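A short write-up of the structure that comes next.
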Amino acid sequence: MKPVLHQGKLITWKDDRGFGFIKPNDGGKDVFLHISALKGASRRPKVGDRILYEQVAEPDGKIRAARASIQGVAPRPLPTKRKPRKRSLLETVLGLVIIVAMALFTIEFSPSRSPSPITSSPSPITSSTKPGCMIKGNISVTTGKKLYHLPAMEDYESTVIDPSKGERWFCTESEAIANGWRKAPR
């Protein structure tokens, strides 16, 4: 059975509360209209709007509008959803191969690559730095402690490395720790 559409004029609207009342064209009691009945409307209703609606009788005998629309107002366009394109198995496998190859290349040819601290023995002190080795190994004048400084640390710029005093450069923190150095407090 096809639903019966009724028509009426919106005579009151409380926008802050989202409801109002319709005066039916065919007379009778005013019909309650809630904003939720206007799901597809492109704007909020105003007093004087012509409303098309289906009538629903509540258990208490009151009548409310359902599936309503504002006459002469275009419905809000439905959002278009793009269907995600299905990837072929070949594309997925090829993508994974590229990622793995890039990871292996990075690991193999990284300038900061050093042996693990467990298997390495302390390397001899050299006066020159290797390219990419930015960690400063400094011996404190006041305490004699071996401290290493990272580039972002507070005293990094003012720390001067003197190889003749046993100070040196490190390529990684793990290398500094493996050689008995501790991270500087600042």
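Quick note, the working numbering runs 45 ahead of the 1-based positions in the sequence shown. A virtual CB, placed ideally from N, CA and C, is assigned to each residue, including glycine. Here the structure is a predicted model, which means the values were calculated and not measured.
- When the five nearest sequence neighbours on each side are left out, the beta carbons in the same chain lying within less than 8 Å of the beta carbon of Ala119 are those of Ser87, in order along the chain.
- Boundaries of the alpha helix (DSSP H) harbouring Glu218: Glu218 to Ala223, taken from the DSSP string.
- The alpha-carbon of Tyr201 is positioned some 29 Å away from that of Glu153.
- Under a 10 Å Cβ-count criterion, Arg109 is classified as buried, with 16 or more other Cβ atoms of the shown protein chains found around its own Cβ.
- By the Cβ-count criterion, Phe150 is exposed, with fewer than 16 other Cβ atoms from all chains shown falling within 10 Å of its own Cβ.
- The three-state secondary structure of Pro208, taken from DSSP, is helix.
- Rounded to the nearest angstrom, the Cβ distance from Glu99 to Arg112 is 5 Å, consistent with a contact under 8 Å.
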